[in-house]
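The opening position of the sequence shown corresponds to residue -13 in the numbering used here, with each subsequent residue numbered one higher.
Where a beta carbon is used, it is the ideal one built from N, C-alpha and C, also for glycine.
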Amino acid sequence: MTVYKSLQNGAFQSLDERRKKAVIMLFEDELTDEEIAKTVNRSRQTLANWKKNQTFIKAQQEYRHIALDGYVPDAVKQLHQLSLNAKSEMVRLQANTTILTMAGFGSADGNDELRKAQIRKANADARIVEHKANELEGVGHVNPLLKALTKGAVQLVPKEEENDANTDRED
-13 MTVYKSLQNG
-3 AFQSLDERRK
7 KAVIMLFEDE
17 LTDEEIAKTV
27 NRSRQTLANW
37 KKNQTFIKAQ
47 QEYRHIALDG
57 YVPDAVKQLH
67 QLSLNAKSEM
77 VRLQANTTIL
87 TMAGFGSADG
97 NDELRKAQIR
107 KANADARIVE
117 HKANELEGVG
127 HVNPLLKALT
137 KGAVQLVPKE
147 EENDANTDRE
157 D
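Structure (structure tokens):
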């Protein structure tokens, strides 16, 4: 197994064969602790003690890290396929966002400037839409700044494009 060879000179390598086998079986998560203990010819209590040992814990972390690295290429391929072919626009967006974050164009914790700017824009768009609805319905206070922004946005669209976008008829 390539994972096993990649763990040389670490905590995993310092374990005896029974503990190594237990680390692998715990990672695979197919057997109960009782079954794992029986497989390595130890009691469940011994396995429980191993799981509290710092070297054993470090060996589990090493093994998990190396083993999961092998899944990354397939996961990225799957994300790419989702970004291209998912039926849901939201799934495509999330896949693309994840790919960009993994590539270093954003942060996984969501505190990057791009995400903050997107949130500010979405909030501003929501305020403008709410203002337009209030204005049309004659409800609430009409904010002069939002009214000017709305009017300015309409003026930015040339008349012929506005007509083309709002009609279904052909001239």
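If you drop the 5 nearest sequence neighbours on each side, which residues of the same chain put their C-beta closer than 6 angstroms to that of residue i?
{"i": "Asn82", "result": "Ser69"}
Rounded to the nearest angstrom, how far is the Cβ of residue i from that of residue j, given a contact under 8 angstroms?
{"i": "Arg28", "j": "Asp19", "result": "The pair is not a contact, with the Cβ atoms about 11 angstroms apart (cut-off 8 angstroms)."}
{"i": "Phe13", "j": "Ala45", "result": "No, Phe13 and Ala45 are not in contact; Cβ-Cβ is about 10 angstroms, not under 8 angstroms."}
{"i": "Gly(-4)", "j": "Glu48", "result": "5 angstroms"}
{"i": "Leu135", "j": "Ile114", "result": "6 angstroms"}
{"i": "Leu65", "j": "Thr87", "result": "Leu65 to Thr87, Cβ: 11 angstroms. No contact."}
Nearest CA to the CA of residue i: which residue from the options?
{"i": "Asp15", "options": "Arg50, Leu100, Asp2 and Asp111", "result": "Arg50"}
{"i": "Glu116", "options": "Lys133, Gln80 and Glu48", "result": "Lys133"}
{"i": "Met11", "options": "Ser0, Lys37 and Gly(-4)", "result": "Lys37"}
{"i": "Thr25", "options": "Gln40, Val9 and Asn39", "result": "Val9"}
{"i": "Phe42", "options": "Ile114, Leu54, Asp55 and Lys6", "result": "Lys6"}
{"i": "Val62", "options": "Glu75, Gln80 and Met76", "result": "Gln80"}
Once you ignore the five residues that flank residue i on each side, which residues in its own chain have a CB closer than 8 angstroms to its CB?
{"i": "Asn152", "result": "For Asn152, the predicted structure reports a pLDDT of 49, less than 50, and the residue's modelled location is therefore unreliable. A value from the coordinates is still provided. Hits under 8 angstroms: none found."}
{"i": "Glu147", "result": "With a pLDDT of 49 at Glu147, under the threshold of 50, the modelled position of that residue is not reliable, and no figure is offered here."}
{"i": "Arg4", "result": "Val26, Asn27 and Arg28"}
Buried or exposed: where does residue i fall if 16 or more other Cβ atoms within 10 Å of its Cβ makes it buried?
{"i": "Ile22", "result": "buried"}
{"i": "Arg106", "result": "exposed"}
{"i": "Leu54", "result": "exposed"}
{"i": "Leu122", "result": "exposed"}
{"i": "Leu33", "result": "buried"}
{"i": "Leu1", "result": "buried"}
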